[in-house]
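Engineer: Sequences listed follow chains Z and P, in order.
Sequential numbering from 1 applies to the first sequence in UniProt numbering.
Sequential numbering from 1 applies to the second sequence in UniProt numbering.
Backbone N, C-alpha and C define an ideal beta-carbon position, used for all residues, glycine too.
Source: prediction; values computed, not measured.
Protein chains: 2
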Amino acid sequence: MKAETKDFYIEQDKMYVATDCIIFGFDAGKLKLLIFKRRVEPQKGAWSLIGSFVKLEENVSEAAQRVLTEITGLKNVFMEELKSYGVADRDPGYRCISIAQYALIRVEDYDRELVEKHGAHWYDMKEVPNLVLDHNQMVADALERLKRKARYQPIGFELLPEKFTIPQLQQLYEAIYQKELDARNFRKKVLSHNVLIKLEEKDKSSSRRGAFLYKFDHDTYQQLLQSGYNFEIS
Amino acid sequence: MKAETKDFYIEQDKMYVATDCIIFGFDAGKLKLLIFKRRVEPQKGAWSLIGSFVKLEENVSEAAQRVLTEITGLKNVFMEELKSYGVADRDPGYRCISIAQYALIRVEDYDRELVEKHGAHWYDMKEVPNLVLDHNQMVADALERLKRKARYQPIGFELLPEKFTIPQLQQLYEAIYQKELDARNFRKKVLSHNVLIKLEEKDKSSSRRGAFLYKFDHDTYQQLLQSGYNFEIS
DNA sequence: ATAATAAATGTAATTTATACGTTAATTTTA
DNA sequence: TAAAATTAACGTATAAATTACATTTATTAT
Numbered sequence: 001m002k003a004e005t006k007d008f009y010i011e012q013d014k015m016y017v018a019t020d021c022i023i024f025g026f027d028a029g030k031l032k033l034l035i036f037k038r039r040v041e042p043q044k045g046a047w048s049l050i051g052s053f054v055k056l057e058e059n060v061s062e063a064a065q066r067v068l069t070e071i072t073g074l075k076n077v078f079m080e081e082l083k084s085y086g087v088a089d090r091d092p093g094y095r096c097i098s099i100a101q102y103a104l105i106r107v108e109d110y111d112r113e114l115v116e117k118h119g120a121h122w123y124d125m126k127e128v129p130n131l132v133l134d135h136n137q138m139v140a141d142a143l144e145r146l147k148r149k150a151r152y153q154p155i156g157f158e159l160l161p162e163k164f165t166i167p168q169l170q171q172l173y174e175a176i177y178q179k180e181l182d183a184r185n186f187r188k189k190v191l192s193h194n195v196l197i198k199l200e201e202k203d204k205s206s207s208r209r210g211a212f213l214y215k216f217d218h219d220t221y222q223q224l225l226q227s228g229y230n231f232e233i234s
Numbered sequence: 001m002k003a004e005t006k007d008f009y010i011e012q013d014k015m016y017v018a019t020d021c022i023i024f025g026f027d028a029g030k031l032k033l034l035i036f037k038r039r040v041e042p043q044k045g046a047w048s049l050i051g052s053f054v055k056l057e058e059n060v061s062e063a064a065q066r067v068l069t070e071i072t073g074l075k076n077v078f079m080e081e082l083k084s085y086g087v088a089d090r091d092p093g094y095r096c097i098s099i100a101q102y103a104l105i106r107v108e109d110y111d112r113e114l115v116e117k118h119g120a121h122w123y124d125m126k127e128v129p130n131l132v133l134d135h136n137q138m139v140a141d142a143l144e145r146l147k148r149k150a151r152y153q154p155i156g157f158e159l160l161p162e163k164f165t166i167p168q169l170q171q172l173y174e175a176i177y178q179k180e181l182d183a184r185n186f187r188k189k190v191l192s193h194n195v196l197i198k199l200e201e202k203d204k205s206s207s208r209r210g211a212f213l214y215k216f217d218h219d220t221y222q223q224l225l226q227s228g229y230n231f232e233i234s
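Written as structure tokens, this is what we have:
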């Protein structure tokens with residue numbers, strides 16, 4: 001590299017880059033958020049999203065995956081960038097920008113022990129306490145994103161077990177949209193996309209009659225996408 | 001601040017944070033992109049988006065506004081975060097992440113002189129040349145975002161002069177969606193939202209008869225938003 | 001055998017989207 | 001000054017999607 005190039009860079013300011021994860025779950029018919037007791041100052045002991053500084057040699061998305069895996073023990077979790085939080089004085093310590101990511105996990109899957117070790121807690125989305133820094137804003141923004149995105153992309157399934165019933169799926173959408181849906185119309189709409197595989201088994205945990213289990217058909221969905229199809233729920 | 005806090009931060013890696021602007025315009029019925037001859041290594045002289053390093057004392061969004069104002073002379077331009085580009089080796093110089101922002105500007109408004117001084121050029125979106133680093137990816141991502149967002153938020157108007165005709169508006173949407181639209185249905189749909197104010201004047205630049213000019217009614221739009229209304233075009 | 005419970009289904013009414021042809025206003029030109 | 005040319009403006013009929021709404025079914029517990 002030429003000397004002038006190096007000089008140009010050297011004159012510039014460097015800062016910390018962090019990533020914070022808004023981790024959503026779905027349990028007992030409710031949308032949940034996984035938060036943590038903060039272990040470092042400032043505000044040690046306060047509730048916080050989980051996050052980490054990004055290391056020089058890792059991608060931002062890798063940093064987020066690393067954090068998530070450390071905490072939950074899960075790999076291949078759905079995670080997507082939300083937005084950056086780059087206000088100069090957002091962190092009273094040093095200049096630090098954060099790239100927030102939101103993750104959708106199956107509550108049944110994750111390693112409870114690991115989570116408990118980290119002082120974590122699943123909060124009902126409607127009862128999220130005060131969080132440090134701008135984390136409450138991140139959560140609010142992530143919920144908005146989830147609401148919008150669930151409409152036109154089948155990401156809701158990431159929050160359900162692999163096998164689920166239509167009434168469970170409806171509960172999930174009701175929790176995300178914060179709105180009641182008509183069971184007959186919901187079922188019709190969902191099934192009309194032809195991306196659910198009906199299984200022989202029933203789930204009898206919530207009714208005497210039991211409800212048939214379904215699986216999301218990723219392959220068919222991918223094929224449909226290719227042919228210009230649009231997923232949409234409600 | 002406690003010593004332990006300081007230590008915790010000091011151990012972490014710092015990096016350069018940049019912002020790059022994807023600047024869209026609309027002229028002669030076509031969607032345009034404003035790009036620049038790069039003035040610094042690496043790849044001095046190559047085509048590039050305009051950008052800047054973020055300074056310690058400024059917000060990321062301020063940095064983007066600063067760049068845009070330097071180049072175009074415009075303030076209060078529509079600009080919104082696209083996403084971050086945080087792959088570890090994206091810039092062969094030093095570790096640098098970029099927060100890309102896309103801007104919509106009225107081509108008529110900007111200061112041509114200033115733009116020419118900066119080695120800028122408006123390219124037709126369909127003829128964008130090779131850009132440095134990951135900038136072509138940024139442009140592609142921004143176009144996708146614009147396509148999606150124009151559907152449910154009236155951001156297209158940011159690209160038109162304050163007064164515009166329905167056929168002009170249609171041309172714009174056709175350019176964004178890359179798809180022809182039916183003039184009768186388009187007019188019906190747009191007017192049904194009741195967010196356009198019809199003026200007495202006509203624009204005769206593109207027909208003998210002339211087409212009536214309209215203005216976007218920001219106030220009414222804001223009111224409608226409050227009452228749970230959804231803007232949607234096509 | 002009966003009661004209780006949530007699952008599963010269909011149809012009619014309304015709203016929204018699509019497809020498509022004709023007339024109107026104006027300028028240019030013959 | 002009449003005719004030709006050109007884009008703007010408009011309406012209706014059909015199809016598709018959404019909404020609203022009530023009954024029957026499968027199963028377990030009593």
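Report the rounded CA-to-CA distance for phenylalanine 231(Z) versus leucine 191(Z), giving the unit in angstroms.
Structural biologist: For the purposes of this step, residue 231(Z) is taken as residue 231 along the first sequence, with counting starting at 1. For the purposes of this step, residue 191(Z) is taken as residue 191 along the first sequence, with counting starting at 1. Computed Cα separation, rounded: 11 Å.
Engineer: Using three-state DSSP, classify aspartate 219(P) as helix, strand or coil.
Structural biologist: As a first step, residue 219(P) is located in the second sequence; it is residue number 219 there, counting from the start. Aspartate 219(P) falls in the helix class under three-state DSSP.
Engineer: Could you name the residues of the segment 141-165 of chain P whose beta carbon sits closer than 7 Å to any beta carbon of chain Z, in the order they occur along the chain?
Structural biologist: none
Engineer: Can you tell me which residues form a DSSP beta bridge with threonine 165(P)?
Structural biologist: Your numbering for residue 165(P) matches position 165 in the second sequence. Paired residue(s): Leu213(P).
Engineer: Please decide whether asparagine 59(P) counts as near chain Z, where near means a Cβ-Cβ distance under 8 Å.
Structural biologist: For the purposes of this step, residue 59(P) is taken as the residue at position 59 of the second sequence. By this cut-off, asparagine 59(P) is an interface position.
Engineer: Work out the CA separation of glutamate 80(P) and glutamine 153(P) for me, nearest whole Å.
Structural biologist: Here residue 153(P) corresponds to residue number 153 of the second sequence, with the count starting at 1. Here residue 80(P) corresponds to residue number 80 of the second sequence, with the count starting at 1. Between the alpha carbons of glutamine 153(P) and glutamate 80(P) lies a distance of about 13 Å.
Engineer: Given 7 Å as the limit, tell me if isoleucine 155(Z) has its C-beta closer than that to any heavy atom belonging to the ligand ATP.
Structural biologist: Of the ligands one can find in the structure shown there are none, so the ligand ATP has no counterpart to examine.
Engineer: By the criterion of Cβ-Cβ separation under 8 Å, what are the contact partners of glutamate 232(Z) in chain P?
Structural biologist: As a position in the first sequence, residue 232(Z) is number 232, starting the count at 1. The contacting residues do not exist; glutamate 232(Z) stays about 12 Å from chain P at best.
Engineer: Using the rule of at least 16 other Cβ atoms within 10 Å of the residue's Cβ for burial, across every protein chain shown, is phenylalanine 212(P) buried or exposed?
Structural biologist: For the purposes of this step, residue 212(P) is taken as the residue at position 212 of the second sequence. Exposed is the call here.
Engineer: Do you know how far the Cα of lysine 83(Z) is from the Cα of tyrosine 85(P)?
Structural biologist: Taking the first residue of the second sequence as position 1, residue 85(P) is located at position 85. Taking the first residue of the first sequence as position 1, residue 83(Z) is located at position 83. Straight-line spacing of the CA atoms in tyrosine 85(P) and lysine 83(Z) works out to 11 Å.
Engineer: So phenylalanine 24(Z) and leucine 33(Z) are in contact, right, with Cβ under 8 Å, and what is the actual spacing, rounded?
Structural biologist: Along the first sequence, read from residue 1 onward, the residue named residue 24(Z) stands at position 24. Along the first sequence, read from residue 1 onward, the residue named residue 33(Z) stands at position 33. Rounded, the Cβ-Cβ distance is 6 Å, consistent with contact.
Engineer: Can you tell me whether tyrosine 214(Z) is buried or exposed, with buried defined as 16 or more other CB within 10 angstroms of its CB?
Structural biologist: In the first sequence, counting from the first residue as 1, residue 214(Z) sits at position 214. Tyrosine 214(Z) should be labelled buried.
Engineer: Which same chain residues, not among the five before or five after leucine 104(Z), have their C-beta less than 7 Å away from its C-beta?
Structural biologist: By one-based count along the first sequence, residue 104(Z) stands at place 104. So the qualifying residues of the chain are Phe24, Phe78, Ile155, Glu158 and Leu159.
Engineer: With 8 Å as the limit, tell me which residues of the segment 42-58 of chain P have their beta carbon closer than that to any beta carbon of chain Z; keep them in chain order.
Structural biologist: Pro42, Phe53, Val54, Lys55, Leu56, Glu57 and Glu58
Engineer: Measuring alpha carbon to alpha carbon, tell me which residue in Ala88(Z), Asp91(Z), Ile50(Z) and Lys202(Z) is nearest tyrosine 102(Z).
Structural biologist: Here residue 102(Z) is taken as the residue at index 102 of the first sequence, counted from 1. Considering only alpha carbons, the answer is Ile50(Z).
Engineer: Which value, in whole angstroms, describes the spacing of the CA atoms of lysine 202(P) and arginine 208(P)?
Structural biologist: Taking the first residue of the second sequence as 1, we reach residue 202(P) at position 202. Taking the first residue of the second sequence as 1, we reach residue 208(P) at position 208. About 11 Å.
Engineer: Using beta-carbon positions only, say whether valine 132(P) and serine 52(P) come within less than 8 Å of one another.
Structural biologist: As a first step, residue 132(P) must be located in the second sequence, where it is residue number 132. As a first step, residue 52(P) must be located in the second sequence, where it is residue number 52. Remark: C-beta atoms of valine 132(P) and serine 52(P) do not approach each other more closely than 8 Å.
Engineer: Locate the beta strand (DSSP E) running through aspartate 124(Z), then write down its first and last residues.
Structural biologist: Reading the first sequence from its first residue, position 124 is the one you call residue 124(Z). It spans 120-124 - the beta strand (DSSP E) in which aspartate 124(Z) sits, taken as one unbroken run.
Engineer: Can you tell me whether isoleucine 35(P) is buried or exposed? The criterion is at least 16 other CB atoms within 10 Å of its CB, across all chains shown.
Structural biologist: Residue numbering aside, residue 35(P) sits at position 35 when the second sequence is read from its first letter. Buried is the call here.
Engineer: Taking only beta-carbon atoms, is alanine 183(P) less than 8 Å away from chain Z?
Structural biologist: In the second sequence, the residue the question calls residue 183(P) occupies position 183. Answer no: the Cβ-Cβ gap between alanine 183(P) and chain Z never drops below 8 Å.
Engineer: Taking the DSSP output, what are the residues bridged to leucine 31(Z)?
Structural biologist: To locate residue 31(Z), count along the first sequence from 1; it is residue 31. Leucine 31(Z) pairs with Phe26(Z).
Engineer: Which of helix, strand or coil does DSSP assign to lysine 202(P)?
Structural biologist: Reading the second sequence from its first residue, position 202 is the one you call residue 202(P). Under the three-state reduction of DSSP, lysine 202(P) is assigned to strand.
Engineer: What residues from chain Z crowd round glutamine 12(P), counting only those whose CB sits closer than 7 Å?
Structural biologist: Position 12 of the second sequence, counted from the first residue, corresponds to residue 12(P). Residues of chain Z passing the Cβ test: Tyr16 and Phe53.
Engineer: Going straight from the alpha carbon of isoleucine 99(Z) to that of lysine 204(P), what length do you get?
Structural biologist: Locating residue 99(Z) in the first sequence gives position 99, where the first residue counts as 1. Locating residue 204(P) in the second sequence gives position 204, where the first residue counts as 1. Rounded to the nearest angstrom, the two C-alpha atoms are 49 Å apart.
Engineer: Who are the neighbours of glutamate 81(Z) on chain P, taking C-beta pairs under 8 Å?
Structural biologist: For the purposes of this step, residue 81(Z) is taken as residue 81 along the first sequence, with counting starting at 1. Chain P residues near glutamate 81(Z): Lys83 and Ser84.
Engineer: Could you tell me the alpha carbon to alpha carbon distance between alanine 28(Z) and arginine 187(Z), rounded to whole angstroms?
Structural biologist: Start at 1 with the first residue of the first sequence, and residue 28(Z) comes out as number 28. Start at 1 with the first residue of the first sequence, and residue 187(Z) comes out as number 187. So the two alpha carbons sit approximately 20 Å from each other.
Engineer: Using the rule of at least 16 other Cβ atoms within 10 Å of the residue's Cβ for burial, across every protein chain shown, is leucine 172(Z) buried or exposed?
Structural biologist: The residue you call residue 172(Z) lines up with position 172 of the first sequence. With 16 or more other Cβ atoms within 10 Å, it is buried.
Engineer: With three or more beta-carbon pairs closer than 8 Å as the criterion, would you say the segment 7-20 of chain Z touches the segment 54-62 of chain P?
Structural biologist: yes
Engineer: Just the C-alpha distance for glutamate 116(P) and aspartate 91(P), rounded to the nearest angstrom, thanks.
Structural biologist: Taking the second sequence and counting its residues from 1, one reaches residue 116(P) at position 116. Taking the second sequence and counting its residues from 1, one reaches residue 91(P) at position 91. Near 27 Å, if we compare the C-alpha coordinates of aspartate 91(P) and glutamate 116(P).
Engineer: Per DSSP, methionine 79(P) is paired with what?
Structural biologist: Stepping through the second sequence from its first residue, residue 79(P) is reached at position 79. Among the bridge pairs identified by DSSP, methionine 79(P) is matched with Ala103(P).
Engineer: Tell me the rounded alpha-carbon separation between histidine 135(Z) and isoleucine 166(P).
Structural biologist: For the purposes of this step, residue 135(Z) is taken as residue 135 along the first sequence, with counting starting at 1. For the purposes of this step, residue 166(P) is taken as residue 166 along the second sequence, with counting starting at 1. If I take the Cα positions, the gap works out to 43 Å.
Engineer: Which residue's Cα is closest to the Cα of leucine 225(P): Ile197(P), His193(P) and Lys198(P)?
Structural biologist: On the second sequence, position 225 is the one that residue 225(P) refers to. Answer by Cα proximity: His193(P).
Engineer: Let me know the secondary structure DSSP gives aspartate 182(Z) once reduced to three states.
Structural biologist: Your numbering for residue 182(Z) matches position 182 in the first sequence. If DSSP states are grouped into helix, strand and coil, aspartate 182(Z) belongs with coil.
Engineer: If distances are taken between C-alpha atoms only, which option among Phe216(P), Glu174(P), Leu143(P) and Ile233(P) comes closest to leucine 189(P)?
Structural biologist: Sequence index remark: in the second sequence, residue 189(P) carries index 189 (1-based). This sequence places lysine at residue 189(P); leucine is not what is there. For the residues Phe216(P), Glu174(P), Leu143(P) and Ile233(P), the minimum Cα distance to lysine 189(P) belongs to Ile233(P).
Engineer: I'd like to know whether the C-beta atoms of cysteine 21(Z) and valine 67(Z) end up nearer to each other than 8 Å.
Structural biologist: As a first step, residue 21(Z) must be located in the first sequence, where it is residue number 21. As a first step, residue 67(Z) must be located in the first sequence, where it is residue number 67. Result yes, Cβ atoms of cysteine 21(Z) and valine 67(Z) sit closer than 8 Å.
Engineer: By the criterion of Cβ-Cβ separation under 9 Å, what are the contact partners of phenylalanine 8(Z) in chain P?
Structural biologist: If you number the first sequence from 1, residue 8(Z) lands on position 8. Neighbours of phenylalanine 8(Z) on chain P, chain order: Val40, Glu41 and Gly93.
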